[in-house]
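Note that the protein sequences, when read in sequence, are chains A and B. In terms of my numbering, the first sequence opens at residue -11 and continues consecutively. In terms of my numbering, the second sequence opens at residue -11 and continues consecutively. By construction, the Cβ of each residue, glycine as well, lies at the ideal position given by its N, Cα and C atoms. These numbers come from a predicted model, not from an experiment. Quick notes on the structure that follows.
2 protein chains.
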Amino acid sequence: MSRRSYAQYCGLARALDLVGERWTLLIVRDLALGPRRFTDLLAGLPGIGTSLLSERLRHLEDQGIARRVVARRPASGVVYELTDEGRDLAQAMSPLATWGAARLDADVEAELRPEWVAYALQASFRPAAAAGVHDCYEFRLEGVTLWALVDDGTLTVAQRRPRRPDFTLTTDVPTLAQLGSGRISPREAVASGRARFRGDPEAGARALQVLGSGGDRPA
Amino acid sequence: MSRRSYAQYCGLARALDLVGERWTLLIVRDLALGPRRFTDLLAGLPGIGTSLLSERLRHLEDQGIARRVVARRPASGVVYELTDEGRDLAQAMSPLATWGAARLDADVEAELRPEWVAYALQASFRPAAAAGVHDCYEFRLEGVTLWALVDDGTLTVAQRRPRRPDFTLTTDVPTLAQLGSGRISPREAVASGRARFRGDPEAGARALQVLGSGGDRPA
DNA sequence: CCGCATCCGCGTTGATACTG
DNA sequence: CAGTATCAACGCGGATGCGG
């Protein structure tokens, strides 16, 4: 029953005491995309047990990271959502996610869900660079297609085509991650056959600014 | 024997598969301050068992995050140090450490070691803001005193006074963390009695730029 | 003393069954 | 749908031992 603590007066140790246990950060990740029901979370975390999810949620609630809300409108039920502190945490773990994304090898036998990519896009979104930008980017990734809708300072990742996209990028997730982090240039990605770009090159350049580390121009 | 994996094609899940297990990130934190011996790490991680530390180190080695080096010079023995990838990771976990530092309550029964504070300072250091800066800041924190030596683009955190400091800040760690993150202004910290500042106010302003989120001026 | 392996008791986790 | 109850399996903490 006693929660194990590192008992160190150190920011990292404290963070790990709070959210370092198994599944916790993945729950925060899922909640970062919006309110979720218990069963939504359960479906998004294959392998977690219901009791553990229940306990984790209660703990996040106790720590003021997430909030339990009795939903009314769509269908009565319980919904979990992040608090402001939870959103701070979601921001703080983005670099870790980016670091991990760069190490997503192609050979990993891992499930690919649109939500994970949506989370990665949200994490790498730079609102300041998106001022005055109104674009729609289509990403096709191994059977998963999704759309990033940039409107000024906001990014919405949709799983249905919201409007005619300014470009379509067909690639795989590791390549997309490398593009976003600037580890390879769009030119290289296309030249090596790992990516295919169709559409407005200027929109592609804006996408790099808004969703990546910016700078380079697409082929 | 089978390492448990989340098996999700998501950057965060991958990062947690690699370094999400207990103690692992704290080991990386310790190594981020420089090469360490097995027993140094052991001493800095009260509660870890020798076998677990050994296994974690081997895993970090396998993943190319840390490296095992047979030391010669000071005394023969084995030393562990971060690889470039490990340094990337250390960078990536800094925001998490900052998030946790803001939640280091005064009531926590936790050990305070100069190294943790040194790590926090390193994590918040912005080399770009330190161009042309040559300062020495003294921090006195509940019995622990240390010095931050800024020289152009580099920060060295010392546990012995390297030279006459440009200012001395006496406070506690939560307040220091809040100052660094900009959650309170130096003015407030001093006015509320939580901090005491003695020395060159302009050096204090530079410290905020270099070690914090910058902007405000000290009282 | 340093670096590490082995063993054991226990807390945490994963899977299933069951309930309002 | 939103959990609680239960139990087996695994990971971890602590002790011990052993070759440099």
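Which value, in whole angstroms, describes the spacing of the CA atoms of residue i and residue j?
i: A117 (chain A); j: A191 (chain A); result: 13 Å
i: T142 (chain A); j: H122 (chain A); result: 9 Å
i: R182 (chain B); j: G35 (chain A); result: 47 Å
i: S169 (chain B); j: A119 (chain B); result: 21 Å
i: L0 (chain B); j: I53 (chain A); result: 18 Å
i: E9 (chain A); j: Y(-6) (chain B); result: 13 Å
i: S42 (chain A); j: L129 (chain B); result: 39 Å
i: P153 (chain B); j: L134 (chain B); result: 11 Å
i: A136 (chain B); j: R75 (chain B); result: 20 Å
i: R186 (chain A); j: R60 (chain A); result: 43 Å
i: T144 (chain A); j: G65 (chain B); result: 54 Å
i: A195 (chain B); j: Y125 (chain B); result: 8 Å
i: L6 (chain A); j: W11 (chain B); result: 14 Å
i: E103 (chain B); j: R149 (chain A); result: 51 Å
i: G37 (chain A); j: T38 (chain B); result: 31 Å
i: W87 (chain B); j: A80 (chain A); result: 7 Å
i: R114 (chain B); j: D139 (chain B); result: 12 Å
i: L167 (chain B); j: D160 (chain B); result: 11 Å
i: Q197 (chain A); j: F155 (chain B); result: 40 Å
i: L70 (chain A); j: L19 (chain A); result: 6 Å
i: R56 (chain A); j: L40 (chain A); result: 16 Å
i: F127 (chain B); j: Q147 (chain B); result: 10 Å
i: L4 (chain B); j: C(-2) (chain A); result: 20 Å
i: D72 (chain A); j: T27 (chain B); result: 40 Å
i: D210 (chain A); j: V178 (chain A); result: Here chain A comprises residues numbered -11 to 207, so residue 210 (chain A) is not present and cannot be evaluated.
i: L48 (chain B); j: L13 (chain B); result: 10 Å
i: A85 (chain B); j: L77 (chain A); result: 10 Å
i: L30 (chain B); j: Q51 (chain B); result: 21 Å
i: P162 (chain B); j: R17 (chain A); result: 27 Å
i: S180 (chain A); j: I172 (chain A); result: 11 Å
i: R210 (chain A); j: A89 (chain B); result: In this structure chain A extends from -11 to 207, so residue 210 (chain A) is not present and cannot be described.
i: R91 (chain A); j: L33 (chain A); result: 20 Å
i: D93 (chain B); j: A193 (chain A); result: 45 Å
i: Q(-4) (chain A); j: E97 (chain B); result: 8 Å
i: R24 (chain B); j: Y107 (chain A); result: 36 Å
i: V67 (chain B); j: V58 (chain B); result: 6 Å
i: R2 (chain A); j: R2 (chain B); result: 22 Å
i: R205 (chain B); j: L164 (chain B); result: At R205 (chain B), the pLDDT of 40 sits below 50, so the modelled position is not reliable; the number obtained from the coordinates is stated separately. Rounded to the nearest angstrom, the two C-alpha atoms are 15 Å apart.
i: R151 (chain A); j: S82 (chain A); result: 28 Å
i: V105 (chain B); j: V105 (chain A); result: 35 Å
With a threshold of 7 Å between beta carbons, is residue i in contact with chain B?
i: R(-9) (chain A); result: no
i: A177 (chain A); result: no
i: A89 (chain A); result: yes
i: E43 (chain A); result: no
i: R17 (chain A); result: yes
i: L70 (chain A); result: no
i: L167 (chain A); result: no
i: L92 (chain A); result: yes
Kindly say whether residue i, judged by its beta-carbon, lies nearer than 7 Å to any beta-carbon of chain A.
i: Q110 (chain B); result: no
i: A80 (chain B); result: yes
i: C(-2) (chain B); result: yes
i: W104 (chain B); result: yes
i: E190 (chain B); result: no
i: E99 (chain B); result: yes
i: L77 (chain B); result: yes
i: P83 (chain B); result: yes
i: R2 (chain B); result: yes
i: A(-5) (chain B); result: yes
i: L29 (chain B); result: no
i: L48 (chain B); result: no
Rounded to the nearest angstrom, how far is the Cβ of residue i from that of residue j, given a contact under 8 Å?
i: L100 (chain B); j: V132 (chain B); result: 6 Å
i: S112 (chain A); j: G22 (chain A); result: About 18 Å separates the two Cβ atoms, so there is no contact after all.
i: R184 (chain B); j: T158 (chain B); result: 4 Å
i: R44 (chain A); j: I15 (chain A); result: 6 Å
For residue i, does the three-state DSSP call read helix, strand or coil?
i: E43 (chain B); result: helix
i: G65 (chain A); result: strand
i: Q51 (chain B); result: coil
i: R24 (chain B); result: strand
i: E99 (chain B); result: strand
i: R17 (chain A); result: helix
i: A(-5) (chain A); result: coil
i: D204 (chain B); result: Note on D204 (chain B): pLDDT 40, under 50, position unreliable in the model; the coordinate value appears next. In this structure, D204 (chain B) counts as coil in the three-state DSSP scheme.
i: R75 (chain A); result: helix
Are there any heavy atoms of the ligand FMN lying less than 6 Å away from the beta-carbon of residue i, as far as the coordinates show?
i: V105 (chain A); result: Absence of the ligand FMN from the depicted structure is noted, as is the absence of any ligand whatsoever, leaving it without description.
Practice task
Scan the segment 116 to 198 of chain A and note each continuous alpha helix (DSSP H) run of 4 residues or more that stays entirely inside, going in chain order.
Solution key: Within the segment 116 to 198 of chain A, the complete alpha helix (DSSP H) runs of at least 4 residues are 161 to 169 and 174 to 179.
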